[in-house]
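Residue 292 in numbering that gives the first Met the number 0 is what sits at position 293 of the sequence shown, and the numbering runs on without skipping anything.
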Amino acid sequence: MTRATGIGSFPGEDARAYAEAVRFVLGELPPPTGLPHVPELPGRGATATMTGRAVAVATDLGFDLQPAGWRVTDAEGVDQRRARSLLAQDLDELEEQSQGYEGPFKLQVAGPWTLAATVERPRGDLALADPGLRRELAEALAEGVRRHVADLRRRLPGVVEWVVQLDEPALPSVLAGAIPTASGFGRHRSVEPPEASAAVATVVDAVRASGADPWVHCCAADAPLALLRGAGARGLAVDLSLVGPEGHDQLAEALEAGESVVLGVPAGDEGRVVEQVSRWLDMLGLQPTDGLVLSPPCGLAGTSPTAARQALTELSSAAARL
Numbered sequence: 000m001t002r003a004t005g006i007g008s009f010p011g012e013d014a015r016a017y018a019e020a021v022r023f024v025l026g027e028l029p030p031p032t033g034l035p036h037v038p039e040l041p042g043r044g045a046t047a048t049m050t051g052r053a054v055a056v057a058t059d060l061g062f063d064l065q066p067a068g069w070r071v072t073d074a075e076g077v078d079q080r081r082a083r084s085l086l087a088q089d090l091d092e093l094e095e096q097s098q099g100y101e102g103p104f105k106l107q108v109a110g111p112w113t114l115a116a117t118v119e120r121p122r123g124d125l126a127l128a129d130p131g132l133r134r135e136l137a138e139a140l141a142e143g144v145r146r147h148v149a150d151l152r153r154r155l156p157g158v159v160e161w162v163v164q165l166d167e168p169a170l171p172s173v174l175a176g177a178i179p180t181a182s183g184f185g186r187h188r189s190v191e192p193p194e195a196s197a198a199v200a201t202v203v204d205a206v207r208a209s210g211a212d213p214w215v216h217c218c219a220a221d222a223p224l225a226l227l228r229g230a231g232a233r234g235l236a237v238d239l240s241l242v243g244p245e246g247h248d249q250l251a252e253a254l255e256a257g258e259s260v261v262l263g264v265p266a267g268d269e270g271r272v273v274e275q276v277s278r279w280l281d282m283l284g285l286q287p288t289d290g291l292v293l294s295p296p297c298g299l300a301g302t303s304p305t306a307a308r309q310a311l312t313e314l315s316s317a318a319a320r321l
């Protein structure tokens with residue numbers, strides 16, 4: 000059965016908005032045609048962004064917040080403690096509203112390469128410039144994900160299927176050597192595919208060890224789908240409009256192998272969503288399968304609350320029709 004889910008982020012800037020997002024996700028994305036997820040509200044500040052959430056989850060590394068953004072430090076900083084406190088408050092709200100819930104659930108966290116491309120090393124410039132620190136970030140994230148999933152299992156005992164979505168929007172730029180240096184006058188060296196795959200695999204293996212299904216979301220053009228599958232990802236989440244010919248083949252192979260494919264399609268008209276997805280399936284000679292999932296092309300933080308709710312409601316209805 001085709002399902003619908005959200006990528007993760009919602010609009011909103013306070014605790015009340017977060018509670019409303021949780022209520023909506025649980026109410027409008029119920030199984031079997033929905034996959035509810037842990038909402039993220041990056042509009043609340045640096046501690047709630049994708050990088051801030053990864054900083055809160057990662058273990059054995061300290062971070063603090065500088066004017067330019069997050070930086071790796073020798074010890075945990077006050078803003079890292081605030082990020083962890085905010086995450087705990089959000090999970091308290093989720094736990095309270097999820098009493099009695101039974102079914103699948105998804106959580107999201109930045110992947111190792113997007114984290115390396117968005118935090119600075121202690122002596123300036125991005126962590127991406129330091130191969131040793133890149134490995135440390137992947138290992139800290141892997142251990143943090145294990146603990147994060149264990150915490151959520153305790154809070155939501157009725158969940159029968161856990162999915163962990165690694166968000167890697169920066170990975171294509173990391174591979175292409177397109178990430179700017181701190182000065183803005185140069186670019187960081189490209190990372191070779193074997194190293195890129197190994198770092199993703201470090202976190203993917205941790206997800207699997209926790210008993211969850213590892214998905215990777217990359218809504219950028221040239222998403223390296225073959226690399227992600229080779230690293231062990233069991234689900235691929237993409238913006239359908241940015242997928243090239245080779246990418247379509249990779250998605251078809253994933254579906255035929257029993258893996259999950261999350262197609263990011265813009266909502267606005269339920270009938271058009273069904274038509275677009277049906278045409279894509281026909282092009283590849285496929286039928287709707289249990290592995291097919293519909294989602295917005297990317298997060299919904301930049302939309303209005305009304306538009307975000309409408310998008311997920313339409314996608315849920317389209318999934319039921321498919």
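For every residue, glycine included, the Cβ atom is placed at its ideal position computed from N, Cα and C.
Closest by C-alpha distance to leucine 86, when choosing among Arg133, Ala57 and Ser196: Ala57
task: Kindly confirm or deny that the segment 255-271 and the segment 222-238 touch, where touching means at least three C-beta pairs closer than 8 Å.
output: yes
- prompt: Would alanine 300 pass as a contact of phenylalanine 23 if the rule is Cβ separation under 9 Å?
  reply: no
N- and C-terminal bounds of the beta strand (DSSP E) containing serine 277: From DSSP, serine 277 is part of no beta strand (DSSP E) but of the alpha helix (DSSP H) over 269-283.
task: Taking leucine 25 as part of the beta strand (DSSP E), name the residues at either end of that continuous run.
output: Counting along the chain, leucine 25 falls outside any beta strand (DSSP E), though it belongs to the alpha helix (DSSP H) covering 14-27.
task: With distances taken Cα to Cα, identify the nearest neighbour of phenylalanine 184 among Pro38, Asp124, Gly11 and Leu25.
output: Asp124
task: Would you mind giving the Cβ-Cβ distance between valine 144 and valine 199, rounded to the nearest angstrom? I have them listed as a contact below 8 Å.
output: So it is not a contact: roughly 12 Å between Cβ atoms.
Closest Cα partner of valine 273 within the set Ala310, Ala317, Leu280 and Glu255: Ala317
message: Please report the straight-line C-alpha distance between valine 118 and arginine 320, rounded to a whole angstrom.
response: Linking valine 118 to arginine 320 through their CA atoms gives a straight-line distance of about 42 Å.
- prompt: Contact check, valine 163 vs leucine 106 under 8 Å by CB: the rounded distance?
  reply: With 8 Å as the limit, valine 163 and leucine 106 qualify as a contact, their Cβ atoms being about 6 Å apart.
- prompt: Per the contact definition of three or more C-beta pairs closer than 8 Å, is the segment 142-161 in contact with the segment 190-198?
  reply: no
query: By Cβ distance below 8 Å, which residues in the same chain neighbour arginine 70 in space, the five residues on each side in sequence not counted?
result: Excluding sequence neighbours, arginine 70 sits near Phe62, Asp63, Leu64, Val118, Glu119, Arg120 and Pro121.
- prompt: Buried or exposed: where does arginine 233 fall if 16 or more other Cβ atoms within 10 Å of its Cβ makes it buried?
  reply: buried
query: Span of the alpha helix (DSSP H) holding histidine 36?
result: Looking at the DSSP string, histidine 36 is not in any alpha helix (DSSP H), and its letter there is neither H nor E.
message: Check for me: the beta strand (DSSP E) holding aspartate 166 runs from which residue to which?
response: 158-166
- prompt: Helix or strand or just coil, what does DSSP make of arginine 320?
  reply: helix
query: For leucine 34 versus arginine 2, is the C-beta spacing smaller than 9 Å?
result: yes
- request: Grab me the residues of arginine 15's own chain with a C-beta within less than 8 Å of its C-beta, minus the 5 sequence neighbours each way, in chain order.
  value: none
- request: Give every residue of the same chain whose Cβ lies closer than 7 Å to the Cβ of alanine 211, excluding the five residues on either side of it in the sequence, and list them in chain order.
  value: Val148, Trp161, Val162 and Val163
- request: Could you check the C-alpha separation between leucine 132 and alanine 126 for me, to the nearest Å?
  value: Approximately 6 Å, taken between the alpha carbons.
- prompt: Is proline 171 closer than 9 Å to leucine 140 when the C-beta atoms are compared?
  reply: no
query: Mapping DSSP to helix, strand and coil, what is proline 304?
result: helix
query: Could you give the C-beta distance for phenylalanine 104 and valine 158, rounded to a whole number, given that I count them as a contact under 8 Å?
result: Contact flag correct, Cβ pair sits at about 5 Å.
- request: Using the Cα positions of leucine 114 and proline 168, report the straight-line distance between them to the nearest angstrom.
  value: Spanning the two alpha carbons is a distance of roughly 10 Å.
Cβ neighbour criterion (16 or more within 10 Å) applied to aspartate 166: Burial of aspartate 166 is indicated by the presence of at least 16 other C-beta atoms within 10 angstroms of its C-beta.
query: Where do the ends of the beta strand (DSSP E) carrying valine 106 lie?
result: Residue identity check: residue 106 is leucine in the sequence provided, not valine. Residues 102-109.
- prompt: Taking the C-alpha atoms as reference points, what is the distance between proline 179 and glycine 99?
  reply: Our two residues, proline 179 and glycine 99, have alpha carbons roughly 47 Å apart in a direct line.
message: If we require 3 or more residues per run, which beta strand (DSSP E) segments fall completely within the segment 43-73?
response: 61-65 and 68-72
message: Taking a contact to mean a Cβ-Cβ separation below 9 Å, would you say alanine 230 touches glycine 290 in this structure?
response: no
- prompt: What three-state label does DSSP hand threonine 4 in the structure shown?
  reply: strand
- prompt: Can you tell which of Ser277, Glu92 and Met0 has its C-alpha closest to the C-alpha of proline 30?
  reply: Met0
Pair within 9 Å by beta-carbon distance, valine 292 and glutamine 275: Taking 9 Å as the Cβ cut-off, valine 292 and glutamine 275 do not qualify as a contacting pair.
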